[in-house]
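What follows is a single structure, written as structure tokens, with notes after it.
Residue numbers (the working numbering): 90 to 354.
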């Protein structure tokens, strides 16, 4: 009876030197990719103010500063420093706060002060209650509205749901409350903005989210716009194809927000 070959010999026969070389190379490339991806998430780009954020002479005149309120925050005020409304804006997931500076600048000459916090890893889910500190630092004597884009909008909705009476309004941009969050029993005025050609926040999901929002919620469709048109951070993977230019979409977004804020009591 012929004895079985040693286990080591059988394993060696399965992988030739060439295969082992390719295997090691493939694992090295995969490891490098994982490390690079993790680094991109963990090491965020610096906060840079005033870069690609001015839309008009009025927005250029806004006062923009980088401050600390339980973490870094971009503060945008009217030129005279006087504001009637405080807009707390939560950025989208992995989006730097300065991507929304254009909106705060555009609203400043309407008496709106906007604060855009930087979250750990640029994920609002890491500190959804951050609005508490921002309202405490900047909300004195002002009507407070909380807003957010995408994941930031979901976290803004969560904050409003868990703090009834704390804010006077909620603006959701390509966003909707999570399945376990509801504001249906509140009388809070809500504006939901839906980008018509959004490929990230599916329009049917945004519309479905209305079931968890107050009955009087206003849904406004931004014609031809995509998910990435709410912030100035460039194209987004998986997004739709716009059939309007960014300037047109931003104008429609701004008009919708201004109309909503003007209608608040």
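Yeah, the Cβ is synthetic: ideal placement off N, Cα and C, and Gly gets one too.
In this text the structure is predicted, and so the values were computed from the model without any measurement.
For residue 145, count neighbouring C-beta atoms within 10 Å of its own C-beta (all shown protein chains included) and say buried if the count is 16 or more, exposed if not.
Exposed: under 16 other Cβ atoms inside 10 Å.
Would DSSP call residue 297 helix, strand or coil?
Three-state DSSP puts residue 297 in a helix.
Taking C-alpha atoms, which residue in 250, 256, 293 and 291 lies nearest to residue 272?
Among 250, 256, 293 and 291, the Cα nearest to that of residue 272 is on 250.
For residue 316, the three-state DSSP class (helix, strand or coil)
The answer is helix: DSSP assigns residue 316 an H, G or I state.
For residue 323, which residues in the same chain have their Cβ closer than 8 Å to its Cβ, ignoring the five residues on either side in sequence?
Once the five neighbours on either side are set aside, the close Cβ partners of residue 323 are 317.
Just curious, the alpha helix (DSSP H) that residue 240 is in, first and last residue?
Unbroken alpha helix (DSSP H) run through residue 240: 240-251.
Going along the chain, which unbroken runs of the beta strand (DSSP E) with 3 or more residues stay wholly within the segment 248-291?
Runs of the beta strand (DSSP E) spanning 3 or more residues and lying entirely within the segment 248-291 occur at 258-262 and 279-284, in chain order.
State the Cα-Cα distance for the pair residue 158 and residue 345, rounded to the nearest angstrom.
If I take the Cα positions, the gap works out to 29 Å.
Going by other Cβ atoms of all chains shown within 10 Å of its Cβ, with 16 needed for buried, is residue 384 buried or exposed?
Since the first and last residues shown for the chain are 90 and 354, residue 384 lies out of range.
Count the other CB atoms within 10 Å of the CB of residue 156; is the residue buried (16 or more) or exposed (fewer)?
With fewer than 16 other CB atoms across the displayed protein chains lying within 10 angstroms of its CB, residue 156 is exposed.
Thinking C-beta only, is residue 285 closer than 8 Å to residue 303?
Not a contact, by the Cβ cut-off of 8 Å.
Suppose you measure from the CA of residue 236 to the CA of residue 166; what does that come to, to the nearest Å?
So the alpha carbons of these two residues sit roughly 17 Å apart.
Nearest by alpha-carbon distance to residue 242: which of 279, 275, 263 and 350 is it?
If you compare the alpha carbons of 279, 275, 263 and 350 with that of residue 242, the shortest gap goes to 263.
Start and end residues, alpha helix (DSSP H) containing residue 223:
Note, residue 223: alpha helix (DSSP H), 220-227.
Measuring from the CB of residue 306, is there a heavy atom of the ligand SAM at a distance below 7 Å?
As for the ligand SAM, it is missing from this structure, which has no ligand bound.
Could you pull out every residue in the same chain whose Cβ sits closer than 6 Å to the Cβ of residue 148, ignoring the five residues on either side in sequence?
Once the five neighbours on either side are set aside, the close Cβ partners of residue 148 are 194 and 195.
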